[in-house]
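Position one of the sequence shown corresponds to residue 4 (our numbering), numbered consecutively onward.
Here a beta-carbon is modelled for each residue, glycine too, at the ideal position from N, C-alpha and C.
Given the structure is predicted, the values throughout are model-derived calculations rather than measurements.
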Amino acid sequence: MDSPLVSVHRLATLLSADPPPVVLDVRWELGGGARRDLYAQGHIPGARFIDLDADLAAPPGRGGRHPLPSPATFQAAMRRAGVRQDRLVVAYDAGPATAAARAWWLLRYFGHRAAAVLNGGLACWVAGHRGLQTGEPRDGPEGDFTAVPGAMPVLDAARAAALAEHGVLLDARAAERFRGEREPVDPVAGHIPGARNRPTTANVDPTGRFRRADELHVAFRRLGVAADTPVGTYCGSGVTAAHQVLALELAGYRAALYPGSWSEWITDSERPVATGE
Numbered sequence: 004m005d006s007p008l009v010s011v012h013r014l015a016t017l018l019s020a021d022p023p024p025v026v027l028d029v030r031w032e033l034g035g036g037a038r039r040d041l042y043a044q045g046h047i048p049g050a051r052f053i054d055l056d057a058d059l060a061a062p063p064g065r066g067g068r069h070p071l072p073s074p075a076t077f078q079a080a081m082r083r084a085g086v087r088q089d090r091l092v093v094a095y096d097a098g099p100a101t102a103a104a105r106a107w108w109l110l111r112y113f114g115h116r117a118a119a120v121l122n123g124g125l126a127c128w129v130a131g132h133r134g135l136q137t138g139e140p141r142d143g144p145e146g147d148f149t150a151v152p153g154a155m156p157v158l159d160a161a162r163a164a165a166l167a168e169h170g171v172l173l174d175a176r177a178a179e180r181f182r183g184e185r186e187p188v189d190p191v192a193g194h195i196p197g198a199r200n201r202p203t204t205a206n207v208d209p210t211g212r213f214r215r216a217d218e219l220h221v222a223f224r225r226l227g228v229a230a231d232t233p234v235g236t237y238c239g240s241g242v243t244a245a246h247q248v249l250a251l252e253l254a255g256y257r258a259a260l261y262p263g264s265w266s267e268w269i270t271d272s273e274r275p276v277a278t279g280e
């Protein structure tokens, strides 16, 4: 893939091709979970629903709220959705791609070479006067995707701490959560010492589309990201951090993701917690 993003117009064109891409609906909300109900009410024609909590994560525990799924779990979910090794996969969610980016990152991590995100998500699809399908699509052929982990760089807690000290570690959460002023999800507020805040909301424009590559490049440079600087990202549970990885890739930087993120960091009381700026 030349770009990890696909426009609404491009996806509509691709869907008329033979064979069309595999489309994954990954609508999910923090605190509300997977939104299969919204999928049934209307989705991009032919799209398959993916449950982020069940298909794109292992059960919560000491590894955080959304640990990486096992290769077997992810492979089974992708095959049920019809994902093939040789076919483009396009993931979307309701809008800004925070959940869709998790699917994109996992496909890349597990070795799929043609994964992308619908830029602007379903909101932009509807705004472009594109049609929706209701209910469940008829079962199609099972996919043949084989999940082989390791194609994207990851961090554990120790490496995240080291990167915050000797490179750039970006916290993708809202500024008030980073500063420790408000924590609606996890039992401890604050951030990894040395991390720098870059909320994922800053990566998109008011329509939910990603900002231009040059804008993102400048923004990340201001945070200390450079071609020769190791960079990583985390969030609350490793979901929106994938959105940050995608934004960094658009800007020309390859970043590692800390899958356990803050929810895993705080499971060890010996790990330090910082607050404020």
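Tell me the rounded alpha-carbon separation between residue i and residue j.
{"i": "Asp147", "j": "Gly114", "result": "13 Å"}
{"i": "Leu251", "j": "Ala150", "result": "24 Å"}
{"i": "Val120", "j": "Asp142", "result": "23 Å"}
{"i": "Val157", "j": "Ser240", "result": "14 Å"}
{"i": "Pro48", "j": "Val242", "result": "25 Å"}
{"i": "Asp159", "j": "Phe223", "result": "22 Å"}
{"i": "Gly67", "j": "Ala163", "result": "15 Å"}
{"i": "Ala126", "j": "Val207", "result": "13 Å"}
{"i": "Val221", "j": "Glu145", "result": "43 Å"}
{"i": "Pro23", "j": "Val86", "result": "11 Å"}
{"i": "Tyr112", "j": "Gly153", "result": "6 Å"}
{"i": "Arg51", "j": "Arg83", "result": "9 Å"}
Please state the DSSP three-state secondary structure of residue i.
{"i": "Ala37", "result": "strand"}
{"i": "Leu8", "result": "strand"}
{"i": "Gln78", "result": "helix"}
{"i": "Leu260", "result": "strand"}
{"i": "Ala154", "result": "coil"}
{"i": "Ala167", "result": "helix"}
{"i": "Thr236", "result": "strand"}
{"i": "His115", "result": "coil"}
{"i": "Gln247", "result": "helix"}
{"i": "Asp96", "result": "coil"}
{"i": "Ala103", "result": "helix"}
Comparing C-alpha positions only, which one of the options sits nearest to residue i?
{"i": "Met155", "options": "Leu14, Leu260 and Glu273", "result": "Leu260"}
{"i": "Glu280", "options": "Val188, His194 and Gly239", "result": "His194"}
{"i": "Ala2", "options": "Arg274, Phe213, Asp231 and Gly235", "result": "The question about residue 2 has no answer here: the residues shown for the chain are numbered 4 through 280."}
{"i": "Arg39", "options": "Val86, Arg87 and Asp58", "result": "Asp58"}
{"i": "Leu190", "options": "Pro144, Trp108, Arg199 and Val276", "result": "For the record, residue 190 in the displayed sequence is Pro; it is not Leu. Considering only alpha carbons, the answer is Val276."}
{"i": "Ala258", "options": "Val228, Ala216, Thr278 and Thr101", "result": "Val228"}
{"i": "Arg131", "options": "Asp5, Leu8 and Leu14", "result": "According to the sequence displayed, residue 131 carries Gly and not Arg. The shortest C-alpha separation from Gly131 is found at Leu14."}
{"i": "Glu32", "options": "Ile269, Ala100 and Pro262", "result": "Ala100"}
{"i": "Asp56", "options": "Val11, Ala102 and Gln78", "result": "Ala102"}
{"i": "Pro7", "options": "Pro262, Tyr256 and Trp265", "result": "Tyr256"}
Original post:
Below 8 Å, can you find three or more Cβ-Cβ pairs linking the stretch 92-100 to the stretch 22-32?
Top reply: yes
Subject >> Inter-stretch contact (C-beta, 8 Å, three-pair minimum) for the stretch 39-58 and the stretch 131-144 >> reply: yes
Original post:
Are there three or more Cβ pairs, one per stretch, closer than 8 Å when the stretch 172-183 is compared with the stretch 69-81?
Top reply: no
Original post:
Are the stretch 224-244 and the stretch 159-174 in contact at 8 Å, needing three or more beta carbon pairs?
Top reply: yes
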